[in-house]
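In my numbering, the protein residues as written are 105 to 401.
Notes for the one structure printed next.
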């Protein structure tokens with residue numbers, strides 16, 4: 105019987121998001137494809153350094169040890185040629201990552217293969233692929249490079265999300281941008297009983313919640329946090345929306361415009377998703393962080 109990805113949490117990640125390939129990418133940009141291949145082959149026995157997405161992937165895969173049948177599937181989808189996969193494969197073995205499926209597209213946009221692999225979340229450093237993935241309805245984010253990796257495998261995966269334009273739609277965010285804070289607060293209070301629309305990461309959060317439901321609340325291997333710039337005066341609509349969706353976030357922080365990076369660090373997030381560069385610039389110094397693009401209408 106064919107291996108079925110339908111009922112699993114499927115994470116697709118590019119090789120540059122999983123491993124630090126910045127030196128190798130510079131060789132490709134400056135010297136061309138032949139020099140890039142030669143460098144990779146000459147360094148087959150040198151494991152690649154951990155990239156920004158490594159800790160998140162490592163800790164997610166650890167959840168599978170709690171089950172006979174895997175709940176989490178991680179797939180590498182890369183614009184590289186398959187020949188460059190040799191060193192990636194050696195590095196996967198070196199770090200003992202349970203990754204058995206890969207795709208190498210030799211420059212073809214990776215986004216066109218996401219539905220074929222039933223992908224729930226796509227992480228890449230290639231912004232165009234990420235934007236195309238979001239526009240096709242797949243949760244995706246551009247992971248920021250050079251994040252320091254400071255911890256090893258953990259029994260708990262911690263994921264932090266921004267609210268508007270990430271978990272929720274961006275209609276409220278647009279009101280804030282166009283009309284200011286007072287108009288935004290008034291709009292949210294008037295619509296407190298009306299649920300927010302689903303954002304690009306709704307399906308991903310829903311899938312996570314289904315995994316969390318397999319455990320007692322205090323024993324879940326996944327812990328989530330909502331970290332939003334909203335004031336607490338707008339909390340009713342946010343929390344009512346999550347309740348209506350039948351999903352939970354374990355921790356929620358209404359920052360009221362206060363910088364997010366210290367709360368994200370204190371939470372100990374393995375990854376943080378936001379749509380605003382102003383927040384990600386600071387969080388990425390301490391926490392693996394990824395930018396969620398706006399969905400093109």
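A virtual CB, placed ideally from N, CA and C, is assigned to each residue, including glycine.
Within its own chain, the residues whose Cβ lies closer than 7 Å to the Cβ of residue 122, once the five positions on either side in sequence are excluded, are 155, 157, 158, 161, 180, listed in chain order.
In terms of Cα proximity to residue 203, the closest of 341, 174, 212 is 174. Boundaries of the alpha helix (DSSP H) harbouring residue 382: 381-387, taken from the DSSP string.
Boundaries of the alpha helix (DSSP H) around residue 166: 158-166. Uninterrupted beta strand (DSSP E) stretches at least 3 residues long and entirely within the stretch 288-318 do not occur. A distance below 8 Å between beta-carbons, with the five flanking residues on each side excluded, links residue 201 to the following residues of its chain, in chain order: 161, 162, 165, 178. Secondary structure of residue 258 (DSSP, three-state): coil.
If you draw a straight line from the Cα of residue 264 to the Cα of residue 376, it is about 5 Å long. Apart from sequence neighbours up to five positions away, the residues of its chain that approach residue 289 with a beta-carbon distance below 7 Å are 335, 337, 338, ordered along the chain. Under the DSSP assignment, residue 279 falls in the alpha helix (DSSP H) whose first and last residues are 275-283.
Cβ neighbours of residue 222 within its own chain (closer than 7 Å, five residues either side excluded): 109, 110, 114.
In this structure the stretch 139-153 does not lie against the stretch 308-317, because fewer than three pairs of beta carbons, one per stretch, are closer than 8 Å. If the five residues before and after residue 229 are omitted, its C-beta is found closer than 7 Å to the C-beta atoms of 118, 120, 121, 246, 247, 249, all from its own chain and listed in chain order.
Per the coordinates, the alpha-carbon of residue 206 lies some 27 Å from the alpha-carbon of residue 388. One thing to note: residue 244 has its Cβ within 9 Å of the Cβ of residue 397. The DSSP-derived three-state label of residue 327 is strand.
With respect to the 9 Å criterion, residue 239 and residue 112 are not classified as neighbours on the basis of their beta carbons. Taking C-beta separations shorter than 6 Å and ignoring five residues to either side along the sequence, the partners of residue 276 in its chain run 268, following chain order. With a contact defined as Cβ atoms closer than 8 Å, residue 241 and residue 272 miss out at about 16 Å. Boundaries of the beta strand (DSSP E) around residue 225: 225-228.
Taking residue 235 as the centre and dropping the five residues before and after it, the same chain places the C-beta of 397 closer than 7 Å to its C-beta, in chain order. Under the DSSP assignment, residue 178 falls in the beta strand (DSSP E) whose first and last residues are 176-182.
Note that the stretch 347-367 touches the stretch 378-386; at least 3 beta-carbon pairs, one per stretch, sit closer than 8 Å.
Comparing C-alpha distances from residue 144 to each of 192, 171, 351, 183 shows the shortest one belongs to 192.
Here DSSP, grouped into helix, strand and coil, assigns residue 244 to strand. Residues of the same chain with a CB within less than 7 Å of the CB of residue 124, apart from the 5 flanking positions on each side, are 152, 153, 154, 155 in chain order. Looking from the CA of residue 332, the closest CA among 231, 259, 213, 378 belongs to 378. Looking from the CA of residue 168, the closest CA among 196, 259, 226 belongs to 259.
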